[in-house]
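Report on one structure; see the data block that follows.
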Amino acid sequence: MNLMISVFRNEGLLLLRNKFLAIPLLVNMLYWGYSIVSYEIQPIHYEERAVVFYKSFIWALLINLLIVGLIAVYMASKDRENEFEQLVLTYDVKNVDWVVGKWMITQLYGLCITVMTIVVQAIWFMSASMTIGDWFKNIVYVFIQMEGAFLLLISIGFLFATLIKSMFAYLVIPAILVLSLMFPFDYVGKAYIWDNPKFHLFTPFDYMFIGSPYEGIWGIHHVLKSSILHQSAIVLLGIAVIVVTLLLFRRYRRSNKEKKMIPIILTIFIIPTIVLSGMRFMQYEQALKQYVTTGQQYVESFKGDDDESYNKWMNSYYEYNKDDQPYEFSMEKTNLSVELQANDQINVQSTLTIQNNGNEAVNDVFLTLYHGLKIKECTSAKSVTCSQDKDFITLHFDQMIQPGEEFDLNVHYQGKILQYRDDGYIEQAFIKNQRIYLPKEAGWYPLIGKRPLVITREHNNLYAQFEFRNARLVEDFPTEFTVNITRENQKVPLALTIPEISEDTFQGTSQYGLSLLGGNFKEEKVGHIRVVAHPEVIKGATEVIERYQKAWSFMEDWLGVPMSPSVIYILSDNYYYLTQFSANHDFFVLKNEYKDDFEIAYELKNELTREGLFDNNQDFHILSDAMVWMIANHLQEQVSFAEWYKSNWWVEGEDLTVVNLLQSYEKKGSEKFKDVLKYLFHYWTELDNKQDFDMESALKQYEGESRR
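Sequential numbering of the sequence shown, starting at 373, is according to this note's numbering.
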């Protein structure tokens, strides 16, 4: 032990004298200083501090892993290259003392980078809107990610410096980083056929997240436990690797004690490494299996035999407006008594008031409820039989339900609501102590009609063999909701798409439906709109929403269509992408980012013209561009429409006849141009076949009607 300490002390002095090894520490400090200052000097923040930190952290960790890994190879091989090791080994120095002493000082160098990072993080996060518990968990997360990865890379550096007695040993570190991180890096949740997502577990740090481990109002709770498990296995593996290095390092010099103890120590560390690795593997295996099983229930294959039909089938996957078809029944009232239980379990007593709005009497009425929730009781004043098949519930009445007739139905159901998306990386619906999310798309309460909760299509180039997205669930009629929630251990505040009238009791009318969330959020009003967002971004969200509000009001006055929602959720990127196309009517979702006027204009225009997004009709696309220009011009004055179109969309040789026609109306004044575009928009919406839209014919019809 004394010799090991002596080696450690001597190598430490040599490191202190090496000025080049101070450069990575200085670069880290400058990098974090720049990241913090560039964020804090902004007058309005659109992202949380933690979001910015973790974006920078991933890049810093990758670079630091490369540097520390190369230093490990250098430390293990430098004395052999200058032949000093040959002299030292003539003395009575055990292999363990020599190798472990060097290994420990290299670990200390990595620890210095880790400590620097968590000190920066700890100080910066003191000004963040999070509890002391969350603050500490973020520090623990960064520590285990960095230290586990450093320990393993340093051990691997020593191993290959022992095996490869040349400069090629340095190439092993970048090769290992590239091979292990190539597929997880920049992963978007859709693994291709040659990219098994299970292999993403074989990384020096837990990279089983998309984009960032931080999830806005839910923080890092989703990844913390799995990362601790992953990195515990990595730490044990790193120790096992350095023990293997001791086995291989100058074997002829091993003492009898080393020969006996090293295999025993190796066994001691290998067994728990295998156990923890297996636990982490099974953890992800369950998530991936549920995701694949869910997708297979809905997957659709192409049944045509020509390219035109295939292209139409491919595009139909993105035609969100076709997800939901009108149904003759409406859910007039929904009263829910919801019990949120541990382990993602939910127990609900519901009373539903349903009305027949059709012209025919029927015996069967259909509901939709997630197949993981099982009906325990289903009763009504009318004689009814309830049957459940996957996500669909069939209500069979002995007496026909007459047109205009209402009836009440009591449904008691319970089950596990945990759902996954994006190859099992993202939890779509969950009930945890620190976070809760039950979006409408999870089917956690009864929906009227037979509704696909997800849209899935066959895709042979993906590992799962299908593409998978949430369906756009649109209600034809509003519903009066009353929701009472009881909880076991979940203490986080709750928000619903209807207002809270008392603690954990919500009541209101919504045509969108119900999406429940619980986490670290703040609720404020921007005009008449309820905004639910992380406390740090509420100011930035307010600035963006005020411009949205200005555009919504303008479009409602101009086109006579309802646009403004009653509630907006500000979600992290992954959950925004899951929800953005399914939000409708009085519910809207945004992510933490700044949006310029044209981004707002395009988004709101697309909400009105979804049916034509994949059309090849050039006249329609020019009309769409004109509408975008009109909205953006209302938010901030723009150049003329023709100039704007030419600078953004015009290509040489394109016929500008239609653009010039519209420009002639713009020259007559803003009100005239608005009136023309409004007429063209309604003309397009009334067409049965949107491909028949012809701008010149429509304008002639407009002129004829305006002369009357």
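We put the beta carbon where it would ideally sit given N, CA and C, even for glycine.
Please read these numbers as outputs of a predicted model, since none were measured by experiment.
{"Query": "Quick one: what's Phe701 bridged to in DSSP?", "Result": "Asn728"}
{"Query": "Just list the residues that DSSP pairs Lys746 with in beta bridges.", "Result": "Gln786"}
{"Query": "According to DSSP, is Ala801 part of a helix, a strand, or is it coil?", "Result": "strand"}
{"Query": "Run through DSSP, which three-state label would Gln669 get?", "Result": "helix"}
{"Query": "Do Ile726 and Val710 have their C-beta atoms within less than 8 Å of each other?", "Result": "no"}
{"Query": "Do Leu553 and Leu609 come within 8 Å of each other at the CB atom, strictly closer than that value?", "Result": "no"}
{"Query": "Give the range of the alpha helix (DSSP H) segment to which Arg919 is assigned.", "Result": "Ile910 to Leu931"}
{"Query": "DSSP on Glu419, reduced to helix/strand/coil?", "Result": "coil"}
{"Query": "Keeping to the same chain, check which residues put their C-beta closer than 6 Å to that of Leu1052; ignore five residues upstream and five downstream.", "Result": "Leu995 and Ala1070"}
{"Query": "So, is Ile827 buried or exposed, given that buried needs 16 or more other C-beta atoms within 10 angstroms?", "Result": "buried"}
{"Query": "Report buried or exposed for Gly899, applying the criterion of at least 16 other Cβ atoms within 10 angstroms of its Cβ.", "Result": "exposed"}
{"Query": "If you drop the 5 nearest sequence neighbours on each side, which residues of the same chain put their C-beta closer than 7 Å to that of Asn729?", "Result": "Glu700, Phe701 and Ser702"}
{"Query": "Between Phe515 and Val487, what straight-line distance do the alpha-carbon atoms span, to the nearest angstrom?", "Result": "8 Å"}
{"Query": "Can you name, in chain order, every residue of its own chain whose Cβ lies under 8 Å from the Cβ of Val1030, other than the five neighbours on each side?", "Result": "Gln990, Asp991, Ile994, Met1067 and Glu1068"}
{"Query": "If you follow the alpha helix (DSSP H) that Leu1059 is part of, which residue opens it and which one closes it?", "Result": "Careful: Leu1059 lies outside any alpha helix (DSSP H) and carries neither H nor E."}
{"Query": "Cα separation between Leu866 and Gly885?", "Result": "16 Å"}
{"Query": "Going by the DSSP bridge assignment, what does Leu708 pair with across the sheet?", "Result": "Ser722 and Val855"}
{"Query": "Output yes or no for whether 8 Å exceeds the beta carbon distance between Tyr817 and Ser759.", "Result": "no"}
{"Query": "Rounding to the nearest angstrom, what Cα-Cα distance links Leu620 and Val471 in this structure?", "Result": "11 Å"}
{"Query": "Based on Cα-Cα distance, which residue from Phe840, Tyr663 and Val903 lies nearest to Glu915?", "Result": "Val903"}
{"Query": "Looking at Pro937: is its Cβ nearer than 8 Å to the Cβ of Phe953?", "Result": "no"}
{"Query": "Pick helix, strand or coil for Asp780, following the three-state DSSP scheme.", "Result": "strand"}
{"Query": "Excluding five sequence neighbours on each side, which residues of the same chain lie with their C-beta closer than 7 Å to the C-beta of Gln345?", "Result": "Nothing about residue 345 can be reported from this structure: the residues present for the chain run from 373 to 1080 only."}
{"Query": "Would Pro569 pass as a contact of Tyr406 if the rule is Cβ separation under 8 Å?", "Result": "no"}
{"Query": "Short of 6 Å in beta carbon distance, which residues of its chain neighbour Tyr941, apart from the five on each side in sequence? Order them along the chain.", "Result": "Val904 and Val961"}
{"Query": "Rounding to the nearest angstrom, what Cα-Cα distance links Pro396 and Ser378 in this structure?", "Result": "26 Å"}
{"Query": "Which residues in the same chain have their Cβ closer than 6 Å to the Cβ of Leu790, if we skip the five residues on either side of it in sequence?", "Result": "Asp716 and Phe802"}
{"Query": "Leaving out the 5 sequence neighbours to the left and right, which residues in its chain are closer than 6 Å to Glu519 when beta-carbon positions are compared?", "Result": "Thr486"}
{"Query": "By the DSSP assignment, the alpha helix (DSSP H) with Thr881 in it spans what residues?", "Result": "Careful: Thr881 lies outside any alpha helix (DSSP H), inside the beta strand (DSSP E) at Thr877 to Ser882."}
{"Query": "Any idea which residues DSSP pairs Gly890 with across the strands?", "Result": "Ile808 and Leu866"}
{"Query": "Report yes if the CB atom of Gln771 is closer than 8 Å to the CB atom of Ser755, and no otherwise.", "Result": "yes"}
{"Query": "Taking three-plus beta-carbon pairs below 8 Å as touching, is the region 550-564 in contact with the region 844-864?", "Result": "no"}
{"Query": "Using the rule of at least 16 other Cβ atoms within 10 Å of the residue's Cβ for burial, across every protein chain shown, is Glu830 buried or exposed?", "Result": "exposed"}
{"Query": "Buried or exposed for Tyr564, please, with buried defined as at least 16 other CB atoms from any protein chain shown within 10 angstroms of its CB.", "Result": "exposed"}
{"Query": "Quick check on DSSP: helix, strand or coil for Asp958?", "Result": "coil"}
{"Query": "Are three or more beta carbon pairs between the region 573-580 and the region 588-603 nearer than 8 Å?", "Result": "yes"}
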